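J.: Residue numbers (this note's numbering), protein chains in the order written: chain A, 1 to 174; chain B, 175 to 673.
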Amino acid sequence: MTRVHVPGAPPTRRERVAALGRAARRRGRTLQAAAARFVARQPDHRLERPIGPLAARVLPLLLRLRFRPEYAVDFDGVDFDAVIQLNLVRDGGRRRDEFEIAIARRRCRVRRRRPGGRRPDATLTGSLADMLRMSAAAVDPLELAGSERFLTSGDGFLLVRFPAMFGQPTRAVT
Amino acid sequence: MTAAATPAAASALSMRAFVDALRDAGELVAVEREVDWNLELGAIARRCYETGAPAALFTHVTGAPGFRAIGAPMGVSRRPGRELARIALALGLPPSATAGELVEALVAARNRQPIAPVVVDSGPCKQNVWRGEQVDLTRLPLPVLHAGDGGRYLNTLGVVVTRTPDRRWTSWAVARLMLVDERRASYAVLPFQHTGRVFKEWRSRGEDMPVALAMGVPPIALYAAGMPLPERMDESGYAGAFAGVPIETVRCETVDLEVPADSEIVVEGRVSLDEHALEGPFGDYMGYLTPPTAAPMPVYTVDAVSFRDEAVYPFSCSGEPADETHTVWGLATAAEAVHLLRERGIPVTTGWCPFAAANGWLVVTVPDGWRAVEPDARELCRRVGDHVFSAKLSGTVNTVVVCEDDVDPSDLRELVWAIDGRRNGTVRFRQKFGWAFSPYTRPDPGDFPKGWEATAEVWNLLPPVGVTRPARTRFADNYPAAVRERVLRHWRQDGLAGE
Numbered sequence: 001m002t003r004v005h006v007p008g009a010p011p012t013r014r015e016r017v018a019a020l021g022r023a024a025r026r027r028g029r030t031l032q033a034a035a036a037r038f039v040a041r042q043p044d045h046r047l048e049r050p051i052g053p054l055a056a057r058v059l060p061l062l063l064r065l066r067f068r069p070e071y072a073v074d075f076d077g078v079d080f081d082a083v084i085q086l087n088l089v090r091d092g093g094r095r096r097d098e099f100e101i102a103i104a105r106r107r108c109r110v111r112r113r114r115p116g117g118r119r120p121d122a123t124l125t126g127s128l129a130d131m132l133r134m135s136a137a138a139v140d141p142l143e144l145a146g147s148e149r150f151l152t153s154g155d156g157f158l159l160v161r162f163p164a165m166f167g168q169p170t171r172a173v174t
Numbered sequence: 175m176t177a178a179a180t181p182a183a184a185s186a187l188s189m190r191a192f193v194d195a196l197r198d199a200g201e202l203v204a205v206e207r208e209v210d211w212n213l214e215l216g217a218i219a220r221r222c223y224e225t226g227a228p229a230a231l232f233t234h235v236t237g238a239p240g241f242r243a244i245g246a247p248m249g250v251s252r253r254p255g256r257e258l259a260r261i262a263l264a265l266g267l268p269p270s271a272t273a274g275e276l277v278e279a280l281v282a283a284r285n286r287q288p289i290a291p292v293v294v295d296s297g298p299c300k301q302n303v304w305r306g307e308q309v310d311l312t313r314l315p316l317p318v319l320h321a322g323d324g325g326r327y328l329n330t331l332g333v334v335v336t337r338t339p340d341r342r343w344t345s346w347a348v349a350r351l352m353l354v355d356e357r358r359a360s361y362a363v364l365p366f367q368h369t370g371r372v373f374k375e376w377r378s379r380g381e382d383m384p385v386a387l388a389m390g391v392p393p394i395a396l397y398a399a400g401m402p403l404p405e406r407m408d409e410s411g412y413a414g415a416f417a418g419v420p421i422e423t424v425r426c427e428t429v430d431l432e433v434p435a436d437s438e439i440v441v442e443g444r445v446s447l448d449e450h451a452l453e454g455p456f457g458d459y460m461g462y463l464t465p466p467t468a469a470p471m472p473v474y475t476v477d478a479v480s481f482r483d484e485a486v487y488p489f490s491c492s493g494e495p496a497d498e499t500h501t502v503w504g505l506a507t508a509a510e511a512v513h514l515l516r517e518r519g520i521p522v523t524t525g526w527c528p529f530a531a532a533n534g535w536l537v538v539t540v541p542d543g544w545r546a547v548e549p550d551a552r553e554l555c556r557r558v559g560d561h562v563f564s565a566k567l568s569g570t571v572n573t574v575v576v577c578e579d580d581v582d583p584s585d586l587r588e589l590v591w592a593i594d595g596r597r598n599g600t601v602r603f604r605q606k607f608g609w610a611f612s613p614y615t616r617p618d619p620g621d622f623p624k625g626w627e628a629t630a631e632v633w634n635l636l637p638p639v640g641v642t643r644p645a646r647t648r649f650a651d652n653y654p655a656a657v658r659e660r661v662l663r664h665w666r667q668d669g670l671a672g673e
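(1) Check whether the Cβ atoms of G519 of chain B and V538 of chain B lie closer than 8 Å to each other.
(2) When the cut-off is 8 Å and only beta carbons count, does A468 of chain B lie next to chain A?
(3) Taking the alpha helix (DSSP H) that H561 of chain B belongs to, which residues open and close that run?
(4) Any heavy atom of the ligand SAH closer than 7 Å to the beta-carbon of A136 of chain A?
(5) For G625 of chain B, return the contacting residues in chain A, with the cut-off set at a CB-CB distance below 9 Å.
(6) Please tell me whether E201 of chain B and R260 of chain B are closer than 8 Å, where the distance is taken between their beta carbons.
(7) One question on the structure: do S345 of chain B and M352 of chain B come within less than 8 Å of each other, judged by their Cβ atoms?
(8) I'd like the list of long-range same chain contacts for P228 of chain B, defined as Cβ closer than 6 Å, with 5 residues on each side in sequence excluded.
(9) Looking only at its chain, what residues have a beta carbon closer than 6 Å to the beta carbon of P495 of chain B, apart from the 5 residues adjacent to it on each side?
(10) On the DSSP letters alone, give me the boundaries of the alpha helix (DSSP H) that S740 of chain B sits inside.
(11) Scan the stretch 111-142 of chain A for residues whose Cβ lies nearer than 7 Å to a Cβ of chain B and list them as they occur along the chain.
(12) Classify G240 of chain B as helix, strand or coil using the three-state DSSP reduction.
(13) Does any residue of chain B have a CB that is nearer than 8 Å to the CB of E100 of chain A?
(14) To the nearest whole angstrom, what separates the beta carbons of R552 of chain B and N634 of chain B, a pair I think is in contact under 8 Å?
(15) Whether or not the stretch 262-275 of chain B and the stretch 400-413 of chain B are in contact is what I'm after, with contact meaning three or more pairs of Cβ atoms, one per stretch, closer than 8 Å; do they touch?
(16) Which value, in whole angstroms, describes the spacing of the CA atoms of A671 of chain B and G599 of chain B?
(17) Looking at the unbroken beta strand (DSSP E) that takes in N302 of chain B, where does it start and where does it end?
(18) Please determine, among B:R350, B:L319, B:P315, the residue with the shortest C-alpha to C-alpha distance to G332 of chain B.
(19) Buried or exposed for V58 of chain A, please, with buried defined as at least 16 other CB atoms from any protein chain shown within 10 angstroms of its CB.
(20) Return the CA-CA distance between V486 of chain B and G266 of chain B, expressed in angstroms with no decimal places.
(21) Going along the chain, which residues of the stretch 370-382 of chain B sit with their C-beta nearer than 7 Å to a C-beta in chain A?
(22) Among A:P141, A:A137, A:M165, which one has its Cα closest to the Cα of R29 of chain A?
(23) Just to confirm my understanding: we take G167 of chain A, look at its own chain, exclude 5 residues before and 5 after, and list those with CB closer than 8 Å. What are they?
(24) What's the gap between the Cα of L280 of chain B and the Cα of V419 of chain B?
(25) For D618 of chain B, which residues in chain A fall below 8 Å Cβ to Cβ?
(26) Restricting to Cα atoms, I'd like to know which of A:P115, A:D97, A:P10 is closest to S127 of chain A.
(27) Along chain B, which residues have their Cβ under 7 Å away from the Cβ of G28 of chain A?
(28) Any Cβ of chain B within less than 8 Å of the Cβ of M1 of chain A?
(29) Taking the straight line between their C-alpha atoms, what separation do you get for M248 of chain B and P549 of chain B?
(30) Please go through the stretch 117-166 of chain A and give each complete beta strand (DSSP E) segment of 3 or more residues, from N-terminal end onward.
(31) Taking only three categories from DSSP, how would you classify P298 of chain B?
(32) Have a look at the DSSP bridge pairing and note the partners of T539 of chain B.
(33) Which chain B residues sit within Cβ distance under 9 Å of E148 of chain A?
(34) With DSSP as the reference, identify every bridge partner of N329 of chain B, one or two as the case may be.
(35) Please state the DSSP three-state secondary structure of A282 of chain B.
(36) Look at G454 of chain B and P470 of chain B and say whether their C-beta atoms are less than 8 Å apart.
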């Protein structure tokens, strides 16, 4: 049923509760945005230093844990059967870790890329610092691609799905 | 399906004949001074749209000797009573044709059997051919259309031809291609568009997609390519049905595709499965640079270019209405909606996408006897919405207005009057793939499918049960014939006629 607002009438109990909910959500967004702005301001080396060496070891596990199978479907709703190559660059480009993410039947397997593996359907190359910024919603993934901080090749639609498929924010909150 | 039509007028079947027809109708001006491709071409065309000035034929574009360019070829004219003249000529109709006549011409062709194109040995587009290393796209008069665009645009008003690997479906579409360098362009291939569906089939085979881009095509080919026909229906067959004769095509030099033989410029190449380059931003049909950032898109590598002597390169400087993104795409969308709704048993007098709404509105008018089909106005609106929003034509349409046919949907003043006075409720729909071009809707492309959804509405302007439409008080309806006749007889001598 459509609610009709009477001009000048005091808010109903239901409207007061809804207003409290809106205020709480607004406060949550403010905190998240403050954190995102903090991350956005940090230079690459400050973001990478604490976790850089660890990242290569824990990333496969993290990606598997964060994988959301409901997003592993193509434009027609058919399960993906695809390989994404993820190249993580750090230390100003001096170090590079390559991963292979295989998605099939709504399951995901992540491992270091080996020579002679299946030809990737899509490849994403970016710095570890930018990946962390994306995870903190400090930068929009599409902006990273549009400014060529993320370099892409292959199936563009598959890559557009990448953040959501691994539980990452799909846009910035700053 | 009805019988084939008599052949359409030449202006619908040839760009050169169309240019001549525009000139004869006083709807074309030749600009003979040197004009810069960098913003100046776009700025002139944009002002033509915004002032209703004639189309501009540029004979001397900086750095593009031997080529001409035409801007605003299907813009709206400022001449009273002939606002749609250029669009009418593009469809081979008299310049005085009404909006309803334009729609019905397109709908009639939809009701006829498609006529497949016929391949001929050669055509005017083969007069000059560049191959391989000879190809240099920067020698074409490709414009930077808006300040803020990502680069020079290879295509805004040409037909992109693709074919599925099994050769069963040949798609004609109008799509954005932005120049990357002398031999490459970035191609906005989107998964929900027909070209995207074809590309998916090439991707599953692991092969690059052959693509031909035909520019300066017969105007009816442009309407066919812009029409939201059902998937796997060849636009070339529809163009033939409209023309009443098969569209003549020629084989490309380097790819297994055919293009209209009468094209001015043909670009041939392959779209890479792997390589990306940035495309956009671009000032598109909503009137903004949206999306405001570039996006990586597949790279189109060109292997050959063929063109006529003194070839005419057509472009559309899209933006605030009305330009070809509205007068071609919007008109074709309205015609497809009328065809679809009639096919599904809805009584429809006509349909129109008001240019001012930038393809977002579709107005459908129904005759007085509509209650014989569906007595409940709201239910009729729901049925209209169900059909429209589940079809391809819903790509841009987010609001459907259903009203009685005493209202002329192409008269914006009358339409707004009716919307305010007759609106009798709204039926809401959730669109699976809303076209996310409004800067205020904040679509979230990464969150598919939720972030791609949009709200769509049908506005019910029909009377509820028991209410009949009151008599209108305008000049044509209210006054006795004798009074109207006397007023009209004295109109000029009373000094009210103006110039």
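No residue lacks a Cβ here, since even glycine has one placed at the ideal position from N, Cα and C. None of the values given here were measured: they were computed from a predicted structure.
T.: On the basis of the data shown:
(1) no
(2) yes
(3) 551-563
(4) Looking for the ligand SAH in the displayed structure turns up nothing, as the structure carries no ligands at all.
(5) A164, T170, R171
(6) yes
(7) no
(8) E201, L202, V203
(9) F529, A530, A532
(10) Because chain B spans 175 through 673 in this model, residue 740 of chain B falls outside it and cannot be assessed.
(11) P141, L142
(12) coil
(13) no
(14) 6 Å
(15) no
(16) 40 Å
(17) 302-305
(18) B:R350
(19) exposed
(20) 19 Å
(21) R377
(22) A:A137
(23) R66, F67, R68
(24) 15 Å
(25) T170, R171
(26) A:D97
(27) Under the 7 Å cutoff, chain B gives no residues; its nearest Cβ is about 18 Å from G28 of chain A.
(28) A caution first: M1 of chain A carries a pLDDT of 49, below 50, which makes its placement in the model too unreliable to give a value.
(29) 40 Å
(30) 122-127, 151-154
(31) helix
(32) B:T524, B:C577
(33) L452, A468, P470
(34) B:L351
(35) helix
(36) no
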